[in-house]
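Sequences listed follow chains U and W, in order.
First residue of the first sequence: 1, per our numbering; consecutive thereafter.
First residue of the second sequence: 216, per our numbering; consecutive thereafter.
No residue lacks a Cβ here, since even glycine has one placed at the ideal position from N, Cα and C.
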Amino acid sequence: MAVVTHVLPLGQAQLSRYGSVAYADQMSIHTEDSALMLRYKDGDIAAFETLYRRHKDSLYRYLLRLSQNRDAAEDVFQEVWSKIIKSRENYRPTAKFSTFLFRVAHNCFIDYIRRNKRHTHNSAIDPDSRPNPGDEPELTTEKEFARRRMTDALRTLPEEQRDVFLLYEEAGLSIDAIATATGVNRETTKSRLRYAVNKLKLALTEPENNDDGYA
Amino acid sequence: MTNKGDKPPNEEHDPEVSARYRALADETTPKALDRRVLRSARKAVDNSRSTGWGTSWYRPATFLATLGLSLALLLEISDFRVFDPPPDVTLQPGANVFQDAADNAARSVREVDATADESLQLSNGGTNESDAITTTLPTSSATDGQHCSDEQLALPETWWQCIQELRKAGLQAAAESELVNLHKAFPQYMPAK
């Protein structure tokens, strides 16, 4: 098996993780991810399955929240993994695998939006806001209501700010990694994340609005 | 999803917002989607394995085939000598091309004159029959040793008749020459007496 010798840039490591234990754990995960990808490159299916299970849910949630459309999220999700699978021959562990994965996801989503001009952030197709008649009683629970508020708050964000927030929270990327994944500079990334967090905080602390009839 | 506290404290990070998001972000991928992705990953590896086996013998086989064809072509070219090399037509120093051409032309004129004299002799001193012979004998063939026409040479009877006429005309040498040729061409032929 190929030996992974990649070392994160010091600045990025300091920005993303603080504390020696967390840093070491993350380095271990990073090395393991890259090693798994290299093992898959050599034909080890089990390595890919491990890698997939490790990142699939966060990637799925990222795309689901970003697109606000379950079908779109599933299409892009499958496309992202197809690209990862195809790129295994040329894979080099020059960055964290999660950075690589979410950069591919970001680009795939942008391509998807360009291909599907009809894509709109319509709340009617939002799986989190679409009421299921059979679940009406459950929607009144506190958790479902909180989920709805978060979803609505995310929907109010501009796409770029939502993208940065999700990459930060869901993918766990650092500011620099998000800047790399989205193709913008570090200051713009920081600014977008700051705006996103402030808007979400404001939306979540506003008095509850029961006009939608679900409360 | 990241764990709480593994990010540096900064103004872009709000623990409350982060906690509320994480508490609610519990969606997982559909099982069908998992199966599709894992199946495609497995299929890609299987394809690359089969392709890898294919390319493992393809390159050496291509190299050997190219080498073999090149050697065969080289051997074929080295044995393929149909035409002799062209003669050396370079002029030797002192050779006179125009003089050689003039000599050849003079030789041709002399031969034509000899034929003309023979024809004139036949027309002046011959009988009516000799006149007929003169008309039937090709003048140009005398120079080639053929004294009878091609039509007469077609059958032994007509050829023999031509020889008889040559003898009657006094052309004994020509008649003997034609007789020899007749025996060569038709060895079984016996002229009627």
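What number of angstroms, rounded off, separates the C-alpha of W/L394 from the C-alpha of W/M405?
Walking along the second sequence from the start, residue 394 of chain W turns up at place 179. Walking along the second sequence from the start, residue 405 of chain W turns up at place 190. Across the structure, W/L394 and W/M405 are spaced so that their CA atoms are roughly 12 Å apart.
Please name the residue in U/I84, U/L36 and U/L66 whose C-alpha comes closest to that of U/D152.
For the purposes of this step, residue 152 of chain U is taken as residue 152 along the first sequence, with counting starting at 1. When the alpha-carbon of U/D152 is set against those of U/I84, U/L36 and U/L66, the nearest one is in U/L66.
Quick check on DSSP: helix, strand or coil for U/L173?
Counted from its first residue, the first sequence places residue 173 of chain U at position 173. Three-state result, U/L173: coil.
Residues in the same chain with beta-carbon distance under 7 Å from U/L166, minus the five sequence neighbours each way, listed in chain order, please.
Here residue 166 of chain U corresponds to residue number 166 of the first sequence, with the count starting at 1. Once the five neighbours on either side are set aside, the close Cβ partners of U/L166 are Y62, R65 and L66.
Is U/W81 near W/V252, with beta carbons less than 8 Å apart?
Translated into the one-based positions of the first sequence, residue 81 of chain U becomes position 81. Translated into the one-based positions of the second sequence, residue 252 of chain W becomes position 37. A contact, by the Cβ cut-off of 8 Å.
Once you ignore the five residues that flank U/L36 on each side, which residues in its own chain have a CB closer than 6 Å to its CB?
Here residue 36 of chain U corresponds to residue number 36 of the first sequence, with the count starting at 1. Counting only Cβ-Cβ distances below 6 Å, and skipping sequence neighbours, we find A47, T50 and L51.
Alpha carbon of U/E206 to alpha carbon of U/R147, nearest angstrom
Counting from 1 along the first sequence, the entry for residue 206 of chain U is found at position 206. Counting from 1 along the first sequence, the entry for residue 147 of chain U is found at position 147. Looking at the two C-alpha atoms, the distance is approximately 15 Å.
Hey, does W/E291 have any beta-carbon neighbour from chain U nearer than 8 Å?
Within the second sequence, the letter at position 76 stands for residue 291 of chain W. So, not an interface residue.
Does the beta-carbon of U/L304 have 16 or more other beta-carbons within 10 angstroms, so that it is buried, or is it exposed?
Chain U is shown from 1 up to 215; residue 304 of chain U falls before or after that span and cannot be answered.
Alpha helix (DSSP H) segment containing W/P371, residue limits
Taking the second sequence and counting its residues from 1, the one referred to as residue 371 of chain W is at position 156. W/P371 -> alpha helix (DSSP H) spans P371 to K383.
Return no unless some Cβ of chain W is closer than 8 Å to the Cβ of U/V184.
The count along the first sequence starts at 1 and reaches residue 184 of chain U at position 184. Chain W contact via Cβ: absent.
Bounding residues of the alpha helix (DSSP H) (the contiguous stretch that carries U/A46):
Taking the first sequence and counting its residues from 1, one reaches residue 46 of chain U at position 46. I45 to S67 is the extent of the alpha helix (DSSP H) around U/A46.
From U/K41 to U/K83, what distance separates their C-alpha atoms?
Position 41 of the first sequence, counted from the start, is the residue given in the question as residue 41 of chain U. Position 83 of the first sequence, counted from the start, is the residue given in the question as residue 83 of chain U. C-alpha separation (whole angstroms): 13 Å.
What residues in the stretch 227 to 244 of chain W bring their beta carbon closer than 8 Å to a beta carbon of chain U?
E227, H228, D229, E231, V232, S233, R235, Y236, R237, A238, L239, A240, E242, T243 and T244
Tell me the DSSP secondary structure of U/A196 in three-state form.
Start at 1 with the first residue of the first sequence, and residue 196 of chain U comes out as number 196. Three-state DSSP puts U/A196 in a helix.
Taking the continuous alpha helix (DSSP H) assigned at U/H106, which residues delimit it?
Numbered from its first residue, the first sequence carries residue 106 of chain U at position 106. Element bounds for U/H106: F97 to R115.
What number of angstroms, rounded off, separates the C-alpha of W/L289 from the C-alpha of W/L279?
As a first step, residue 289 of chain W must be located in the second sequence, where it is residue number 74. As a first step, residue 279 of chain W must be located in the second sequence, where it is residue number 64. Going by the C-alpha atoms only, they are around 15 Å apart.
DSSP state of W/R274, grouped into three classes?
Here residue 274 of chain W is taken as the residue at index 59 of the second sequence, counted from 1. Helix.
8 Å contact criterion, which U/L173 and U/A181 should meet: CB distance rounded
Reading the first sequence from its first residue, position 173 is the one you call residue 173 of chain U. Reading the first sequence from its first residue, position 181 is the one you call residue 181 of chain U. Confirmed, Cβ separation roughly 6 Å.
Using only alpha-carbon positions, find the residue among U/E142, U/Y112 and U/R88 that is nearest to U/N69.
Counted from its first residue, the first sequence places residue 69 of chain U at position 69. Residue U/Y112 holds the alpha-carbon nearest to the alpha-carbon of U/N69 among U/E142, U/Y112 and U/R88.
Should the stretch 231 to 249 of chain W be regarded as contacting the stretch 187 to 201 of chain U, the criterion being three or more beta carbon pairs within less than 8 Å?
Three or more pairs of CB atoms, one per stretch, sit closer than 8 Å, so the stretch 231 to 249 of chain W contacts the stretch 187 to 201 of chain U.
Using a Cβ-Cβ cut-off of less than 8 Å, list which residues of the stretch 78 to 90 of chain U approach chain W; keep chain order.
Q78, W81, S82, I85, K86, R88 and E89
Let me make sure I understand the geometry here. Which of U/I178, U/R114 and U/E89 has the alpha-carbon closest to that of U/V76?
Along the first sequence, one-based indexing puts residue 76 of chain U at 76. Nearest of U/I178, U/R114 and U/E89 to U/V76, Cα basis: U/R114.
Environment of W/H362 [buried if 16+ CB atoms lie within 10 Å]
The count along the second sequence starts at 1 and reaches residue 362 of chain W at position 147. Its Cβ being crowded by 16 or more others within 10 Å, W/H362 is buried.
I think W/L381 touches W/A390, with their Cβ atoms under 8 Å apart; what is that distance to the nearest whole Å?
Along the second sequence, one-based indexing puts residue 381 of chain W at 166. Along the second sequence, one-based indexing puts residue 390 of chain W at 175. With a Cβ gap of about 4 Å, W/L381 and W/A390 count as contacting.
Rounded to whole angstroms, what is the Cα-Cα separation between W/L386 and W/P402?
Along the second sequence, read from residue 1 onward, the residue named residue 386 of chain W stands at position 171. Along the second sequence, read from residue 1 onward, the residue named residue 402 of chain W stands at position 187. Cα to Cα, W/L386 sits roughly 23 Å from W/P402.
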